[in-house]
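**Student:** Here it is, the structure, as structure tokens.
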Amino acid sequence: MEILRAKILGFCAGVRRAVVAADKALSENKTGHVYTLGPLIHNPQALESLAERNLKILTENEIPSLNNNDTVIIRAHGVPPETDAAIRSKGVNVINATCPLVTKSQKTAAEYAEKGYIIFFAGDKNHGEVIGIEGYARQAALNAGKKLNFILIKDVEELKKEIELLQKNNILTEDSKIILLSQTTFSIKMFELLKNELKNLYPHSEITSSICPATHERQDSLTELCSKVDGVIVIGGKTSANTNRLFKTAEKLCKKAVLIETPDEIPEEFYSIKKIGITAGASTPDDIILETEKKLIENSKL
Ligand code: SF4
């Protein structure tokens with residue numbers, strides 16, 4: 005059996021940074037508790053092992069009960085400024101593991117909100133990153149005495165509907181300042197469609213894509229991998245969006261594809277594949293990738 009890894013797989017830079025920060029905080033903490041606001045990453049096994057080391061998950065409602073010897077890690081998605089302030093007001097040790105690309109998006113949204121732009125934001129409604137970015141935009145608009153127009157959209161249909169509504173209410177006119185921004189994990193293809201639609205209707209619209217290369221780098225590496233192997237194992241959390249997108253691509257491009265969270269889930273038939281490819285989502289820890297390779301070698305029937 006030959007095992008080939010996708011050129012780029014596993015932890016993205018932002019997730020690795022947050023995991024390293026958690027690891028350091030857990031090793032150095034002697035007195036209080038170490039918390040993350042929401043789960044640190046989208047991987048059940050990694051969360052389990054962090055929980056065993058006493059990393060606790062904090063909810064917004066629990067912020068008032070923090071003690072000043074506690075540590076709170078702000079995860080890669082970031083948080084709105086009011087949540088950040090509420091945590092800091094407790095005098096805890098704050099480790100800000102917001103991914104630098106997300107921090108950049110927070111600043112960009114705030115800048116445009118301050119200037120009174122209508123912000124069309126391509127992203128997922130309930131995603132922590134979007135909630136955080138909108139929070140920074142809201143704070144900036146408020147400080148500048150401007151009304152915030154932060155319009156969340158996920159496809160062209162929604163964009164058209166929102167434009168119609170804004171026109172009807174006289175919020176969007178020919179003179180309006182308009183910007184299209186995006187969540188870091190938004191689809192490049194859909195962003196292009198949104199951009200074209202907006203430019204078509206309002207040619208002076210400004211466009212700033214904040215789509216992170218991490219997602220499409222893993223997709224491109226997988227596409228290349230699929231052309232060289234007879235089967236692909238995608239490793240990652242079953243509820244992780246980027247892992248599921250990798251699996252969909254693998255299913256489309258490869259004769260055999262499977263999505264596993266742990267090596268125990270490798271299907272029997274994969275031990276009889278001559279050339280096998282491996283990829284992993286952006287929240288998949290290195291040790292699960294290594295264990296998967298080890299198990300394949302140990303149980304190979306070829
Ligand atoms: S996917 Fe990109 S933006 Fe999101 S945490 Fe990873 S590196 Fe940062």
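Quick note on numbering: this note's numbering labels position 170 of the sequence shown as 174, and the sequence is numbered without any gaps. Quick reminder that beta carbons are idealized off the backbone N, C-alpha and C, glycines included.
1. From the DSSP output, in three-state form, read off lysine 298 for me.
2. If you draw a straight line from the alpha carbon of tyrosine 39 to that of histidine 46, how long is it in whole angstroms?
3. Return yes when the C-beta of glycine 285 is under 7 Å from any heavy atom of ligand 1, and no when it is not.
4. Could you spell out where the beta strand (DSSP E) holding glutamate 168 opens and where it closes?
5. Assuming isoleucine 183 contacts isoleucine 215 (C-beta within less than 8 Å), just tell me the rounded distance between them.
6. By a C-beta neighbour count over all protein chains shown, 10 Å radius and 16 as the cutoff for buried, is glutamate 133 buried or exposed?
7. Rounded to whole angstroms, what is the Cα-Cα separation between leucine 257 and lysine 164?
8. Ordered along the chain, which non-local residues of its own chain (more than five positions away) have a Cβ less than 7 Å from that of glutamine 110?
9. Report the three-state DSSP secondary structure of isoleucine 12 (helix, strand or coil).
10. With a threshold of 7 Å (Cβ to nearest heavy atom), would alanine 80 be considered close to ligand 1?
11. Taking the Cβ atom as the reference point for each residue, do lysine 11 and glutamate 297 lie within a distance shorter than 8 Å?
12. Can the beta-carbon of isoleucine 237 be found less than 8 Å from the beta-carbon of isoleucine 270?
13. Quick one: what's got a C-beta closer than 7 Å to asparagine 73's C-beta in the same chain, skipping five residues either side?
14. Can the beta-carbon of alanine 29 be found closer than 8 Å to that of isoleucine 78?
15. Output the distance between the C-alpha atoms of isoleucine 267 and aspartate 290, rounded to the nearest integer angstrom.
16. Should alanine 113 and lysine 158 be called a contact, given that it needs their Cβ atoms to be closer than 8 Å?
17. Is the distance from the Cβ of valine 106 to the Cβ of alanine 80 below 8 Å?
**Tutor:** So, to answer that:
1. Your numbering for residue 298 matches position 294 in the sequence shown. In the structure shown, lysine 298 sits in a helix (DSSP, three-state: H, G or I).
2. Mapped onto the sequence shown, residue 39 falls at position 35. Mapped onto the sequence shown, residue 46 falls at position 42. C-alpha of tyrosine 39 to C-alpha of histidine 46: approximately 16 Å in a straight line.
3. Stepping through the sequence shown from its first residue, residue 285 is reached at position 281. Incorrect: glycine 285 has no Cβ contact closer than 7 Å to ligand 1.
4. For the purposes of this step, residue 168 is identified with residue 164 of the sequence shown, where counting begins at 1. That residue, glutamate 168, is in no beta strand (DSSP E); its alpha helix (DSSP H) goes 160-172.
5. Taking the first residue of the sequence shown as position 1, residue 183 is located at position 179. Taking the first residue of the sequence shown as position 1, residue 215 is located at position 211. No, isoleucine 183 and isoleucine 215 are not in contact; Cβ-Cβ is about 15 Å, not under 8 Å.
6. Counting from 1 along the sequence shown, the entry for residue 133 is found at position 129. Of the residues assessed, glutamate 133 falls on the buried side of the cut-off, its CB having 16 or more other CB atoms within 10 angstroms.
7. Residue mapping note: residue 257 aligns to position 253 of the sequence shown, counting from 1. Residue mapping note: residue 164 aligns to position 160 of the sequence shown, counting from 1. Rounded to whole angstroms, leucine 257 and lysine 164 show a C-alpha spacing of 34 Å.
8. Counting from 1 along the sequence shown, the entry for residue 110 is found at position 106. Answer for glutamine 110: Gly82, Gly136, Ile137 and Tyr140, listed in chain order.
9. To locate residue 12, count along the sequence shown from 1; it is residue 8. Under the three-state reduction of DSSP, isoleucine 12 is assigned to coil, being neither helix nor strand.
10. Counting from 1 along the sequence shown, the entry for residue 80 is found at position 76. Yes - ligand 1 has a heavy atom lying nearer than 7 Å to the Cβ of alanine 80.
11. In the sequence shown, the residue the question calls residue 11 occupies position 7. In the sequence shown, the residue the question calls residue 297 occupies position 293. No.
12. Counted from its first residue, the sequence shown places residue 237 at position 233. Counted from its first residue, the sequence shown places residue 270 at position 266. Isoleucine 270 is positioned such that its CB atom lies closer than 8 Å to that of isoleucine 237.
13. Residue numbering aside, residue 73 sits at position 69 when the sequence shown is read from its first letter. The residues are Thr35 and Gly36.
14. Working through the sequence shown from its first residue, we reach residue 29 at position 25. Working through the sequence shown from its first residue, we reach residue 78 at position 74. Isoleucine 78 sits away from alanine 29, with the two beta carbons spaced by 8 Å or more.
15. Residue numbering aside, residue 267 sits at position 263 when the sequence shown is read from its first letter. Residue numbering aside, residue 290 sits at position 286 when the sequence shown is read from its first letter. According to the sequence provided, residue 267 is proline. The question's isoleucine does not apply to it. Distance between the alpha carbons of proline 267 and aspartate 290 is about 13 Å.
16. On the sequence shown, position 109 is the one that residue 113 refers to. On the sequence shown, position 154 is the one that residue 158 refers to. It is not a contact, given that the beta carbons lie outside the stated cut-off.
17. Taking the sequence shown and counting its residues from 1, the one referred to as residue 106 is at position 102. Taking the sequence shown and counting its residues from 1, the one referred to as residue 80 is at position 76. Contact flag set, yes.
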